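Numbering (the numbering used here), first residue to last: -3 to 510.
Note that CB positions come from ideal geometry on N, CA and C, so glycine has one too.
Here the structure is a predicted model, which is why all the values come from computation and not from measurement.
Working notes, beginning with the structure itself.
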Amino acid sequence: MTTVERQDEAMSANAPGAAEQDTFRSTDPASGELVGVFPVQDAAAVEAAVARARVAAEAWAALGFGERRLRLAAYRGYLARRMNELADLVHRENGKPHDDAVLEITLAIDHLAWAGAHAARTLRLRRVAPGLLAANHAAYLEYQPLGVVGVIGPWNYPVFTPMGSIAYALAAGNAVVFKPSEHTPAVGAWLARAWQAAVPDCPDALQAVTGLGETGAALCRAGVDKVAFTGSAPTGRRVMAACAQTLTPVLMELGGKDAMIVDDDADVAAAANAAVWGAMSNAGQTCIGIERVYATSAVYDAFVREVTEQVAGLRPGSGPGAAYGPMTMASQTDVVRRHTDDALADGGTAALGGPVPGTQAHGNVIAPAVLLDVPESSAAVREETFGPTITITRVADAEEGLARANATSYGLAGSVFAGSRSRGLSLARRMRSGMTSVNSVLTFASVPALPFGGVGESGFGRIHGADGLKEFTRAKAVTRQRFPLPVDLMSFRRPASAAPALARVIGVVHGRHR
Ligand code: NDP
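Below, the structure written as structure tokens:
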């Protein structure tokens, strides 16, 4: 059976009547070869998937934390045993090197493990202090599943990024309907099929629906209890507008323009190594990738020299040993070209790379570019480039670097390199972003206990960690009266003296504070 037949089988199992629907093709961005043909699922098909998920959600929630943890473990075991098969599919459909796909899947598995292991202690019923006014009551708090969560995923990390929502939503007791990007439907279908194989007693707790943007829009309108979206800010706005019709809550992960600050006393070689990986890995198609560096005058020359040397040694392509692959989405090449051209036209210089040549001639593989002292007003500094480019700008000191790093509408993540621990932490804490790594890049994404998400145009809400579990729940508050008080303040039968007596008590307890 060919890959296409296997995928078709997978999708038709997931979508009754798929054969009569329109289809779309997924192709290898390096070669143009067909990876799979998938149904364009319409609103009716999406609604049917959500209806199945609604039934599954009840059974899944009823299993409780312990039983769900076992099934999530079976899922991660399945993924781990088929790591190479999945990595090969990611490589063919997204274009990234096989080893980078392995790294991505490893991270996703680690998050699955953490979410499964920590859901109970984060979300289960607990007693909280009732406080002075309700001292005769017991107070309970728990985090209950929402029901069905719609996950709209991107193509750049087609396993890791959606799993940041899927794993945490499932661990919290929800069913998930996942709409993978039209550029990576085969990976999305594979993940759903893997769930059905690993968790056969609750197969509809995770389903994939495939299609183009309209299928995602249909998911927003299908009555799900929350939508977790990863993608661009313009599409994020459309998703929010669609969800507003039904007051469906949303989680928005919208990319960024992340900066690195290199301080006077930083380890320049380590900073350069991290900047090159942060900017160029995955062909720069990383929402938390480093797109801008602000290096202090003290280290600027050495940093530029080191980065340029390292970048000069990178060999992009699709063969073994390639540093990174082609652009997954061919149209992204035009964005990178525009940003690079603008940077040079605006007065920046290219230490390496530069104008991006025609798309067709190079099979969507873009050579890396190191752009120096590009004006802050230029698109290459202001807009998300999502390509293998980096701008490096000289600043007087780290404070100026921080001010420039923060002068953006985005605020996803970032990095600080500093010799002083306190200074590094201080800069990191003052960076206007959801996550910052000190003396490394992207590390926060690999720490399952840490929340992941942005501020400003980078979106809102958090995946990963305890916050990520709670994101897919609603807090439920319960009180239970343990014994009645002689005077019931919330009764029409309370004596006239009750309120003045209460005022006196409150005066004693709180009135002394000035
Ligand atoms: P989009 O924001 O257009 O798409 C993201 C996801 O939303 C895809 O699954 C897409 O489906 C889906 N979608 C599209 N239209 C709708 C809609 N009306 N309602 C619901 N869902 C919809 O991103 P692109 O993939 O087109 O990439 C464009 C830019 O976004 C990139 O250049 C990059 O800058 C940024 N981006 C950022 C990412 C990040 O990690 N933060 C990830 C991906 C992109 P389909 O693919 O089928 O159209």
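Cβ-heavy atom distance, residue i to the ligand NDP, below 7 Å
i	result
Pro150	yes
Lys92	no
Thr231	yes
His335	no
Ser177	yes
Arg378	no
Val46	no
Gly60	no
Phe382	yes
Cys588	Residue 588 lies beyond the range of the chain shown here (-3 to 510); nothing can be said about it.
Met325	yes
Gly32	no
Val235	yes
Ser487	no
Thr226	yes
Gln328	yes
Val331	yes
Cys198	no
Limits of the unbroken alpha helix (DSSP H) element including residue i
i	result
Glu305	Ser293 to Ala308
Phe225	Unbroken run through Phe225 is the beta strand (DSSP E), Lys222 to Thr226; no alpha helix (DSSP H).
Val391	Not the alpha helix (DSSP H): Val391 falls in the beta strand (DSSP E), residues Thr385 to Val391.
Gln241	From DSSP, Gln241 is part of no alpha helix (DSSP H); its letter is neither H nor E.
Arg425	Arg417 to Arg426
Val505	Ala494 to His506
Buried/exposed call for residue i, threshold 16 Cβ in 10 Å
i	result
Leu408	buried
Met486	exposed
Gln356	Confidence is the limiting factor: at Gln356 the pLDDT is only 42, short of 50, which leaves the residue's position unreliable and the question unanswerable from this model.
His335	buried
Asp197	exposed
Val205	buried
Leu215	buried
Arg490	exposed
Phe448	buried
Gln241	exposed
Ser373	exposed
Gly274	buried
Val505	exposed
Ala499	exposed
Asn132	exposed
Cβ pair residue i, residue j closer than 8 Å
i	j	result
Thr512	Val332	Summary: the structure shown does not reach residue 512, with the chain confined to residues -3 through 510, and so no result is reported for it.
Ala58	Ala115	no
Leu446	Leu423	no
Arg65	Ala113	yes
Tyr290	Thr432	no
Gly461	Tyr406	no
Val195	Tyr296	no
Ala270	Gly410	no
Ala193	Leu108	no
Pro322	Ala279	yes
Ala201	Met159	no
Asp24	Glu89	yes
Range covered by the beta strand (DSSP E) that runs through residue i
i	result
Tyr139	His133 to Pro141
Thr180	It is not in any beta strand (DSSP E) - Thr180 carries neither H nor E in the DSSP assignment.
Gln203	Leu202 to Ala204
Asp254	Asp254 to Val258
Ala34	First, the residue type needs correcting, since residue 34 is Phe and not Ala in the sequence shown. It spans Leu30 to Pro35 - the beta strand (DSSP E) in which Phe34 sits, taken as one unbroken run.
Glu249	Val246 to Glu249
Phe468	Taken as a continuous stretch (DSSP letters only), Phe468 belongs to no beta strand (DSSP E), as it is neither H nor E.
Gly410	Gly410 to Phe413
Thr345	Thr345 to Leu348
Ser429	Taken as a continuous stretch (DSSP letters only), Ser429 belongs to no beta strand (DSSP E), as it is neither H nor E.
Ser22	Thr19 to Thr23
Q: Check whether the region 457 to 470 touches the region 139 to 157, counting contact only when three or more Cβ pairs, one atom from each stretch, lie closer than 8 Å.
A: yes
(Q) With three or more beta-carbon pairs closer than 8 Å as the criterion, would you say the region 280 to 294 touches the region 429 to 444? (A) Taking a contact to require three or more Cβ pairs closer than 8 Å, the region 280 to 294 and the region 429 to 444 qualify as touching.
Q. Does the region 364 to 383 touch the region 34 to 54, meaning 3 or more C-beta pairs lie closer than 8 Å?
A. no
Q | Cβ contact (3+ pairs, closer than 8 Å) linking the region 66 to 86 and the region 214 to 233 | A | no
Q. Is the region 123 to 130 touching the region 80 to 99 in the sense that three or more CB pairs, one from each, lie closer than 8 Å?
A. no
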